[in-house]
Amino acid sequence: MSANAVSTPNVAIVGATGAVGQEFLRVLAERKFPIGKLVPLASARSAGKRVNFQGANYTVEELTDDSFKGIDLALFSAGGGISKQFAPIAAQAGAVVVDNSSAFRMTDGVPLVVPEVNPEAIDGWRLGRRSADGSAGIIANPNCSTIIMLVAVTPLHRAAGVERIVVSTYQAASGAGAAAMLELESQTRQVLAGDPPTCDVFPCQYAFNLFSHNSAIESNGYNTEEMKMVRETHKIWGQSDGEGSAKRVGITATCIRVPVMRAHAESINLTLRNPLDAAEAERLLRNAPGVSVINDNDNNRFPMPLDASGNDDVLVGRIRADISRNGGPGGGLDLFVCGDQLRKGAALNAVQIAEMLI
Ligand SMILES: NC(=O)c1ccc[n+]([C@@H]2O[C@H](COP(=O)([O-])OP(=O)(O)OC[C@H]3O[C@@H](n4cnc5c(N)ncnc54)[C@H](OP(=O)(O)O)[C@@H]3O)[C@@H](O)[C@H]2O)c1
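Numbering-wise (this note's numbering), the sequence shown opens with residue 386 and increments by one.
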């Protein structure tokens with residue numbers, strides 16, 4: 386490995402016109418991420434458009450094989466196909482890639498990182514570093530529902546050992562990109578006007594409705610979003626032993642798309658190895674990085690997607706002992722969490738990773 390420290394990196398944003406790409410620009414500016422040159426990239430459709438960063442306009446360039454010359458950090462959010470094709474080119478050109486797609490998440494040797502959970506996965510990684518094959522390397526950002534769940538659950542796992550997770554998600558339009566957000570808005574107007582809704586992004590009516598997550602169903606009956614939560618959690622928690630290993634947390638997920646514009650919610654039931662009552666769980670969560678607790682039983686006030694929208698923290702509430710367990714050996718806990726998946730579930734998590742590379 387060779388490493389020349391880079392303190393003011395040249396940064397490319399692949400997918401700069403998209404929902405995550407736009408959030409990248411906001412998060413980089415808010416966090417005063419040091420940037421030498423900024424290069425916004427998208428498809429030929431958007432070449433020549435302007436994006437705003439810190440009050441200045443930048444012209445979007447078409448993504449090509451030559452886009453990464455002189456780039457130190459490449460933040461990718463343009464879909465798995467684009468990442469598969471261009472992330473290795475960027476890495477070979479000397480840019481550390483932080484990829485938001487699912488293309489490399491389960492690839493051996495590619496760290497899958499939530500900074501509050503497994504920062505050690507990128508120990509030794511730095512901008513300017515190249516491995517023996519000349520590549521600066523690829524780091525994967527986990528699936529948004531996985532990140533939000535693990536920021537909330539990992540502090541409890543460290544304290545009491547989570548043996549099983551039953552999770553149901555309530556996923557917002559923003560998780561499916563800018564076009565899905567527009568579709569929810571336009572369908573809402575159409576339905577209120579008594580017109581038939583136009584379904585371009587999703588195959589069925591989205592406004593005033595909900596449906597099983599729009600990802601493909603795998604041979605075991607789970608959709609790929611649900612299986613991402615299972616497989617990625619095992620990798621992030623370092624439980625990558627064989628299928629069915631007793632050392633792995635058991636996870637069953639049901640992922641649902643709901644007509645919320647932005648921020649995902651999740652209902653989470655945990656089986657714990659060791660006892661942990663609700664008060665101690667709340668205390669742990671109040672001290673956990675990246676977590677805010679909203680757990681006001683007196684006023685029935687708990688996390689909502691509107692609270693989470695634009696918020697960096699994962700919000701946790703409804704913290705209670707699972708009464709179905711009758712005080713078994715470890716016991717169980719129930720939680721309800723909300724997180725802005727464009728921020729912590731995507732852009733913010735990736736920028737936090739980038740900050741660790743300087
Ligand atoms: N939305 C989320 O909450 C979320 C969370 C985690 C991960 N992700 C992942 O992030 C990626 C982007 O998601 P998004 O929600 O931001 O989608 P989006 O709003 O649809 O944006 C897609 C972006 O990709 C660009 N793009 C499409 N085709 C391209 C091509 N051939 N060459 C270069 N750029 C191209 C688009 O540019 P044009 O303007 O030129 O079309 C646009 O900038 C996906 O892989 C998604 O799975 C999304």
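Heads up, the beta-carbon is just placed ideally off N, CA and C, and yes, glycines get one too.
Only a predicted model underlies this, so the values are computations on that prediction, with no experimental measurement involved.
>> Assuming H619 is part of the alpha helix (DSSP H), what are its boundary residues?
In response: T609 to I621
> Which same chain residues, not among the five before or five after L670, have their C-beta less than 8 Å away from its C-beta?
Replying inline: A537, P540, L541, V676, V678, V701 and I704
>> Going by C-alpha to C-alpha distance, which of A663, P588 and S694 sits closest to D719?
In response: A663
> Does the beta-carbon of Q407 have 16 or more other beta-carbons within 10 angstroms, so that it is buried, or is it exposed?
Replying inline: buried
> In chain order, what residues of the same chain have a beta carbon less than 8 Å from the beta carbon of F596, not counting five sequence neighbours either side?
Replying inline: F587, C589, I641 and R642
> Buried or exposed: where does D508 fall if 16 or more other Cβ atoms within 10 Å of its Cβ makes it buried?
Replying inline: exposed
> Which class does T393 belong to by DSSP, given the choice of helix, strand or coil?
Replying inline: coil
> Is the segment 392-403 touching the segment 456-469, taking contact as three or more C-beta pairs under 8 Å?
Replying inline: yes
> Where does S530 sit, in a helix, a strand or coil, going by DSSP?
Replying inline: helix
>> Could you check whether the segment 409-418 touches the segment 727-735, counting it as contact only if at least three pairs of C-beta atoms, one from each stretch, sit closer than 8 Å?
In response: yes
> Thinking C-beta only, is I533 closer than 8 Å to G724?
Replying inline: yes
> To which residues of the same chain is N385 closer than 8 Å at the C-beta, ignoring the five residues directly before and after it?
Replying inline: Since the first residue shown for the chain is 386 and the last is 743, residue 385 is missing from the structure and cannot be characterised.
> Residues in its own chain within less than 7 Å of P527 by CB, not counting five upstream and five downstream?
Replying inline: R490, L497, V499, E617 and I621
>> At the level of alpha carbons, what is the spacing between A404 and L727?
In response: 7 Å
> Can you give the Cα-Cα distance for N395 and A414, rounded to whole angstroms?
Replying inline: 14 Å
> To the nearest angstrom, how far is it from the Cα of V634 to the Cα of V615?
Replying inline: 9 Å
>> In this structure, how does DSSP classify I524 when only helix, strand and coil are distinguished?
In response: strand
>> Quick check: the Cα distance between I653 and K422, rounded to an integer number of angstroms?
In response: 42 Å
> Where do the ends of the alpha helix (DSSP H) carrying I474 lie?
Replying inline: G465 to Q477
>> At a threshold of 7 Å, does N599 count as lining ligand 1 (C-beta to nearest heavy atom)?
In response: no
>> With DSSP as the reference, identify every bridge partner of H598, one or two as the case may be.
In response: In the DSSP output, where bridge partners are listed per residue, H598 has none listed.
>> Would A432 and E447 be called neighbours here (beta carbons separated by less than 8 Å)?
In response: yes
> DSSP state of Q439, grouped into three classes?
Replying inline: coil
>> Can you look up F721 in the DSSP assignment and give me helix, strand or coil?
In response: strand
>> Give me the residue from V699, P660, N485 and S709 with the minimum Cα distance to G546.
In response: P660
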